[in-house]
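Quick notes on the structure that follows.
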Amino acid sequence: MTAGWSTIESDPGVFTQLSQDLGIRGTQVEEIVTMEDSEFASLAPIYGFIFLFKWTQEMAKMHTGSSTCVENHNLYFAKQVINNACGTQALLNIMMNAEGIQLGDELTNFKSFTADFPPDLKGEAMSNSDMIRVSHNSFARPEPFEMEERTATKEDDVYHFTAYMPVGGKLWELDGLQQGPILLGDLEPDAPWWRKVVPMLQERIQRYSATEIRFNLLAVCQNKRQASLGQLGQLRAKSNMLRAALLSHGIDPPEDDGMELGESEEAEAEGEPEDCTDQSPEQLQEALSECQVRAAQLRQVVGEEEERACRYQRENARRRHNFVPFIFQLLQGLAKEKALGGLMKEAEAKAQKREEQQRASKAAQ
């Protein structure tokens, strides 16, 4: 019997760390806020989208009725066969099909082993993978008590993850609850693929009532830090050639150009030298100045991404930590000092005041 899977939060820090825990390199996950073209362009290349929405039987029937599942042996698709696995399966359905992704040894072997499986057996294999399940469950919210699993009722809010991505010049939806991948149409060769997705997502959101705002869109894209370090490596190689060319003209180039890389970055930043022997001293100095400006910009991106990674690490550590024993100890300490009663009365008074303000605000409307 397959061990249980916990629900995980739709958060870019969670999915970025989950990808890394699964052995995937060269990617990160970003939250989409505006769905403006400029926002998507700033994240390019984008490998796929993970869309979180409220699942209802009515919406599912409507979506299934307007969709066509297509058998495509060149597309890796795993059907969801266990509860709460949809987020990780949406992520893996994208990663298994994206080009230029470093899956790591375990996922590469897993993909090769399950390549000829039908969608339901691919999903079964994912659900039975200890590596995938443990990585997924590491983001489960700690519970103070062991609760029995129960089936969701009509009164419960149920949410589901689905994936969108381009493969072979076509747009696909990879929804683990469907029998197969859904073909959404052909892509224009010279247009960004996300422009075809946005109207579909907007139309899907508009099917819900105006009060339903619980949607979330995540983009699986290239790792900005690694990409910036790669560009810095190319700039460093170009800078070295420009310096050598200036020295051959008897001109001493400036020493500090901001392109020195740390020891841990050397393997990530490689670049081919550029021939600049036919350029004049003025052209060489201008090109070197441009390198320095671009290097400063890339260094800023690297710094921002490293700061973001540290923030994600702190947030994920808090998600994974069980604070319940600390809270129990705190409450016991407050009760022992006879301070708990006063704090409870103060909290009740604040809650009552807040309710009165909300009622007054509604009455004024």
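So the sequence shown is numbered by the working numbering: it starts at 198 and just counts up by one.
A virtual CB, placed ideally from N, CA and C, is assigned to each residue, including glycine.
Chain-order list of residues whose beta-carbon lies under 6 Å from that of residue i (same chain, five-residue window excluded)
i: T285; result: H333
i: L240; result: E227, A416, C418
i: L531; result: L537
i: L481; result: L439, A442, L443
i: G237; result: Note that residue 237 is Phe in the sequence shown, not Gly. Cβ neighbours of F237 beyond the five flanking positions: W391.
i: S207; result: L249, N413
i: Q376; result: C266
i: L368; result: L381, G382, L384, K393
Cα-Cα separation, residue i to residue j
i: W390; j: K251; result: 25 Å
i: Q214; j: E504; result: 15 Å
i: N567; j: V364; result: Outside the shown range of the chain (198 to 562) lies residue 567, about which nothing can therefore be said.
i: C266; j: F246; result: 19 Å
i: A322; j: A360; result: 19 Å
i: E534; j: S335; result: 37 Å
i: P451; j: R491; result: 16 Å
i: M541; j: E501; result: 42 Å
i: M232; j: M397; result: 12 Å
i: I243; j: N325; result: 29 Å
i: D524; j: D317; result: One detail in the question is off: residue 524 reads as Ile in this sequence, not Asp. C-alpha separation (whole angstroms): 43 Å.
Local Cβ density within 10 Å of residue i, reported as buried at 16 or more and exposed below that
i: M438; result: buried
i: N420; result: buried
i: K319; result: buried
i: N519; result: exposed
i: A546; result: exposed
i: H446; result: exposed
i: Q549; result: exposed
i: T224; result: buried
i: H357; result: buried
i: A466; result: At A466, the pLDDT of 44 sits below 50, so the modelled position is not reliable; the number obtained from the coordinates is stated separately. When all chains shown are included, A466 counts as buried.
Cross-strand partners of residue i (DSSP beta bridge)
i: N413; result: L249
i: I229; result: L414
i: P363; result: L368
i: L272; result: Paired residues: none, contrary to the question.
i: F358; result: L249
Cβ-based neighbour list, residue i, same chain, cut-off 8 Å, excluding 5 preceding and 5 following
i: Q476; result: A442, A484
i: N513; result: G210, V211, Q214, F336
Residues near residue i by beta carbon distance below 7 Å, same chain, minus five either side
i: G366; result: D383, L384
i: F412; result: L249, F250, I402
i: E487; result: none
i: N281; result: W202, S203, T204
- Give a yes or no on contact between the segment 367-379 and the segment 203-212, applying the rule of three or more CB pairs nearer than 8 Å. no
- Message: When you compare the segment 424-435 with the segment 267-274, are there three or more beta-carbon pairs, one atom per stretch, that lie closer than 8 Å?
- Response: no
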